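Notes to accompany the following structure.
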Amino acid sequence: MALIIKPDKKGIKLAVQYLKAGKSVVYPTDTSYGLGVDATNIRALERLYKIKQRKFGTPIHIVVPSVAFAKKVTKWNELTDKLVKKFWPGPLTLVLELKNKRQRAWTILSGGSGAIGLRIPDNKVAMKLAKFLNRPVTTTSANPPNSLGGHDSYSVEDVVKQFKKKRYQPDLILDAGRLLKKKPSTFVKIVGNKMKILRRGPISQKDLYPHSFSPLSRGRRRGGSP
Numbered sequence: 001m002a003l004i005i006k007p008d009k010k011g012i013k014l015a016v017q018y019l020k021a022g023k024s025v026v027y028p029t030d031t032s033y034g035l036g037v038d039a040t041n042i043r044a045l046e047r048l049y050k051i052k053q054r055k056f057g058t059p060i061h062i063v064v065p066s067v068a069f070a071k072k073v074t075k076w077n078e079l080t081d082k083l084v085k086k087f088w089p090g091p092l093t094l095v096l097e098l099k100n101k102r103q104r105a106w107t108i109l110s111g112g113s114g115a116i117g118l119r120i121p122d123n124k125v126a127m128k129l130a131k132f133l134n135r136p137v138t139t140t141s142a143n144p145p146n147s148l149g150g151h152d153s154y155s156v157e158d159v160v161k162q163f164k165k166k167r168y169q170p171d172l173i174l175d176a177g178r179l180l181k182k183k184p185s186t187f188v189k190i191v192g193n194k195m196k197i198l199r200r201g202p203i204s205q206k207d208l209y210p211h212s213f214s215p216l217s218r219g220r221r222r223g224g225s226p
């Protein structure tokens, strides 16, 4: 059973220690609770996929410690910059082309697509984990897959309930109380000066349109966290 603690200074320090040790941490975001490991640690990623009951290499997105870090690992342009300045921190996941597509961790997290989803959520706890770790943290939802009855968790009680009888479980849970129910983040893929909505969320097409250099392509309507 996971250790449950408050996300105060002591709790965040312990959570970072867990991440450095290759363990998993459930933490609050600006949408639902997320499941995080050190996104550069291959063994930690292997454990994450077991907890999520996902096929290894299925795309999983990350919280980056800073915009500067995001620029180091992905290809950046004027459109990306406009969206980041307008919507980060916030519920927007940007799917961007990787600079180093051969790095093993990025290959795993991108599902071999050569593009990875990045977030800077509007949540101090989530950002402190990434900043104090000084590496990206995975930001998949803290629940089993939808195909097995999983759903986004907005309380620690729900996280515990969903993983209670599972073989693989999170190691640590930062209890920030019950979160306001919000849609999972909006996914937008950037290719050159064009963008495509891969998943609709709190940031609407209308919100995004003025920042695009070309008409938006519509993606899938359904929700569900990655």
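Numbering (the working numbering), first residue to last: 1 to 226.
Backbone N, C-alpha and C fix where the C-beta goes; we use that ideal spot for every residue, glycine too.
If you're wondering where the values come from, they're calculated on a predicted model, not measured in any experiment.
Buried or exposed for Tyr-209, please, with buried defined as at least 16 other CB atoms from any protein chain shown within 10 angstroms of its CB.
exposed
Can you grab the Cα-Cα spacing for the pair Ala-115 / Leu-96, in whole Å?
5 Å
Please name the residue or residues paired with Val-244 in a DSSP beta bridge.
Lying outside 1 to 226, the shown extent of the chain, residue 244 is not represented and no answer is given.
Contacts around Lys-183, its chain only, beta-carbon distance under 8 Å, and the 5 residues preceding and following it disregarded
Thr-31, Pro-91, Arg-200, Gly-201, Pro-202 and Gly-223
For Lys-189, name the three-state secondary structure that DSSP assigns.
strand
Ignore the nearest five residues each way along the sequence and tell me which others in Ala-24's own chain have a CB closer than 8 Å to its CB.
For the sequence presented, residue 24 should be read as Ser rather than Ala. Correct list, in chain order: Tyr-18, Leu-35, Gly-36, Val-37, Ala-44, Arg-47, Leu-48, Ile-51, Pro-170, Asp-171 and Leu-172.
Taking the alpha carbon of Lys-131 as the point to measure from, which residue in Pro-65, Pro-59, Leu-148 and Ser-204 has its own alpha carbon closest?
Pro-65
Can you check which of these residues, Val-159, Val-137 and Arg-135, is closest to Pro-145 by C-alpha distance?
Val-159
Take every Cβ of the segment 133 to 149, pair it with every Cβ of the segment 186 to 193, and state whether three or more of those distances are shorter than 8 Å.
no
Residue from Gln-162, Glu-157 and Lys-181 with nearest C-alpha to Asp-175:
Glu-157
In the DSSP assignment, find the beta strand (DSSP E) that holds Ala-115 and state where it starts and stops.
115 to 119
Per DSSP, what kind of secondary structure is Met-1 in: helix, strand or coil?
coil
If I follow the unbroken alpha helix (DSSP H) through Ile-12, where does it start and stop?
9 to 20
Residue environment, Ala-126, which counts as buried when at least 16 other CB atoms sit within 10 Å
buried
What is the C-beta distance between Tyr-27 and Ala-15, in whole angstroms, given that I count them as a contact (C-beta under 8 Å)?
7 Å
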